[in-house]
Amino acid sequence: MISKRALKITAATTAVIAVAIAGLVSLVLWEGSSAREDAPKLEAAAAQWLLHYTVPASVRAMKNPLDVAPNSADVEAGHAVYTQKCEICHAYDGGGKSEIGSGQYPRPPDLRGADVQRMSDGELFYHLKNGIRHTGMPAWTLPDRKLWQVSAYLRHLPRVAALSPQMAAAELPAGVTAHYVGSAACKDCHTEIFGRWTKTRMANVVQDPHAHPQAIIPDLSKPDPLLTFTKDDIALTYGSKWKQRYFKRVGDDYFVFPAQWDVIHSLWRPYFVKNGTDWWAPLYPPDNMQRPTGPLCDGCHSVNYDIDTKKVTEWNVGCERCHGPGSEHVEHPGKLNIVNPAKLGFVDASDTCIQCHSQGQPRSNPIKGKYYDWPVGFHMGRKLVDFWKLEDHKLGEMSFTHFPDGTAHKNRMQGNDFVQSLMYTRGVTCFSCHDAHGSDNDAMLIKPAKEICATCHGPNTQNGPHAPTLEEHTHHAPGSAGSECIACHMPKIEQTITDVNVRAHTFRFITPAESDSLKIPNACNLCHADKTTDWAAQALKGWQDRSPWRVAQQTPR
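Rendered as structure tokens:
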């Protein structure tokens with residue numbers, strides 16, 4: 004015979020189960036069947052906990068057996084699988100901001116976020132292999148090697164901006180009392196990065212030839228009508244890739260000699276900024292020796308240029324130029340007392356570079372009686388827009404800075420171009436493609452120019468090109484100059500010295516018709532210089548995969 008105690012326990016248990024079921028039913032009815040809402044925080048936290056503890060301990064302890072170096076063949080193979088299988092929901096950068104992903108419940112996680120990145124190699128592998136119930140994550144029937152390759156690639160997703168303003172704000176250093184300490188203070192903890200940086204042009208754009216005699220490129224013993232100074236007159240050299248200029252020190256100021264060395268053509272050329280070739284030219288006397296580099300150059304070629312003392316913490320683009328004052332970080336190393344541009348929102352992240360790679364003016368000018376050509380008062384952790392305004396341009400007009408369509412036509416305007424681009428709008432940043440710490444690739448790209456675009460783009464992928472193969476998109480032979488993305492989308496049309504140009508950063512394809520109507524060079528005729536724009540326009544009209552309205556465009560956008 005069942006005791007009264009047993010009956011009470013059974014009744015109580017039944018009641019608890021009934022309440023639980025009723026609660027779950029009520030929750031479902033309250034939430035409804037819609038997938039438009041985000042998961043409640045409690046549900047998301049519980050799911051994250053279950054994700055971790057439902058993976059067998061032996062699997063959690065597994066290490067990826069493949070080569071997980073950033074540019075390894077296994078990581079590249081993982082990228083290919085990710086593009087084919089994962090990008091449709093998780094987007095090219097892992098952020099989950101895709102058409103399908105945005106409508107799923109629960110939402111695909113940000114694969115770049117801490118919840119995913121702190122998973123062990125074994126956990127990533129397990130979820131890829133077995134899927135996750137009650138989500139859109141399937142169990143992939145792929146060979147284990149491919150799953151490990153995808154797992155490796157997830158550690159090296161494209162570097163784009165922080166997912167949200169809240170995340171970006173959390174990465175800004177809380178302290179405001181830090182001061183500059185110089186790049187050498189970073190060496191002990193960041194040895195590998197420091198070593199790469201020291202070899203870059205960023206670290207060597209300005210050099211003292213007395214300490215580094217090899218810094219002077221031309222042979223100053225050879226006479227030339229433009230050469231009116233000697234090695235002993237040179238206090239600093241500036242530049243080494245396209246041109247080199249020479250600074251003379253007078254008191255606590257520096258001035259640029261009126262001759263510069265054309266590195267590409269190995270000859271001397273005059274150097275003088277004429278009226279109409281920069282906004283500040285008419286505001287200074289027409290004499291190089293009355294145009295100090297402090298207001299016009301040094302703020303970008305140094306760290307912490309003081310406009311009162313005319314002193315710098317260090318010459319060149321040092322660590323603190325991009326990471327802000329570092330004394331607190333050196334004293335107490337941690338993530339919260341230094342700026343990491345990679346963790347900022349896309350605007351602040353790109354402003355790291357735009358502060359110097361742009362044509363503009365300070366919002367307040369003159370400053371203490373002098374006109375400055377760099378954002379006085381700005382440092383990382385502050386808002387560049389509060390200190391700097393980009394050069395204005397009126398569409399349809401050719402100016403000393405812009406082509407009529409708004410594309411820059413002089414060097415050091417990558418920022419002016421980039422903020423107009425679709426890339427910028429989508430959260431891509433300068434360091435999605437460039438590594439300011441240095442690389443073996445031209446322009447400090449994270450991959451060779453022939454490969455860099457394929458980090459996010461590929462035939463018939465979400466980001467395009469929308470063609471079965473790359474050759475069917477470019478209409479050029481594989482491996483040819485015309486088959487490279489940068490040949491058409493980043494033509495060399497922005498002047499640095501005489502006929503030496505650098506690449507545009509709007510990523511727009513400029514049509515031959517626009518060359519006729521707007522006098523802006525197009526990529527087709529830059530390569531096919533012996534052909535006319537009419538020939539190029541007719542050739543494009545024969546590309547059946549292109550819109551005839553776009554390739555025949557005659558008027559400004």
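Take the position in the sequence shown, starting the count at 1, then add 3; the result is the number in the working numbering.
All residues carry an ideal CB built from backbone N, CA and C; glycine is no exception.
Inclusion of Q417 and H508 in the CB contact set at 8 Å is warranted, their separation being smaller than that value. Between the alpha carbons of A516 and Y287 lies a gap of roughly 40 Å. Burial state of M140 is buried, judged by a 10 Å Cβ sphere holding 16 or more other Cβ atoms. Between the alpha carbons of V22 and I135 lies a gap of roughly 28 Å.
Taken through DSSP and simplified to helix, strand or coil, W283 comes out as coil. If you keep only unbroken alpha helix (DSSP H) runs of at least 4 residues inside the region 347-404, you get 349-357. Nearest neighbour of E195 by Cα position, chosen from R506, G441, T464 and Q547, turns out to be G441. The C-alpha of M122 is placed about 8 Å away from the C-alpha of H55. Judged by DSSP in its simplified three-state form, N528 adopts helix. Taking the Cα of G279 as reference, the smallest distance to any Cα among S402, Y249 and T17 is reached at S402.
Between R115 and G97, the C-beta spacing is below 8 Å. Look at R63 here: in three-state DSSP terms it is helix. D70 is positioned such that its CB atom lies no closer than 8 Å to that of A64.
In the displayed model, K495 falls within a strand according to three-state DSSP. G348 and S520 have their C-alpha atoms roughly 37 Å apart. In the structure shown, E317 falls within a strand segment according to DSSP collapsed to helix, strand and coil.
N340 carries a helical assignment under DSSP once its states are collapsed to helix, strand and coil. Measuring C-alpha to C-alpha distances from K397 to each of W282, N74 and D408 identifies D408 as the nearest.
One thing to note: A439 has its Cβ no nearer than 8 Å to the Cβ of M426.
Residues A238 of the same chain have their beta carbon placed closer than 7 Å to that of R252, with the five preceding and five following residues left out of the count. The beta strand (DSSP E) runs lying completely inside the region 226-275 and spanning 3 residues or more are 239-241, 246-253, 256-259, 262-265 and 270-273, given in chain order. Less than 8 Å separates the beta-carbon of C530 from that of A490. By the 16-neighbour rule on beta-carbons within 10 angstroms, T296 is buried. When DSSP states are grouped into helix, strand and coil, V208 belongs to the coil group. L160 sits in coil when the DSSP states are folded into three classes, being neither helix nor strand. Looking at T16, V306 and A532, the one whose alpha-carbon comes closest to that of V379 is V306.
The residue among N525, G337, M493 and E79 with its C-alpha nearest the C-alpha of L157 is E79. Using a C-beta cut-off of 8 Å, the region 362-382 makes no contact with the region 461-475, since fewer than three inter-stretch Cβ pairs fall below that distance. Assignment of beta-bridge partners to S305 by DSSP yields W318. Contact between the region 202-218 and the region 340-355 is absent: fewer than 3 CB-CB pairs across the two stretches fall below 8 Å. DSSP places V84 within a helical segment (H, G or I) once states are collapsed to three.
Between the region 525-544 and the region 252-271 there are fewer than three C-beta pairs closer than 8 Å, too few to call the two in contact.
Put simply, the region 85-100 touches the region 450-468. At least three CB pairs are less than 8 Å apart. Bounds of any alpha helix (DSSP H) do not take in N466, whose DSSP letter is neither H nor E. Under DSSP, K413 takes part in a beta bridge, and its partners are Q498. By the CB criterion at 8 Å, L150 and K132 fall inside the cutoff.
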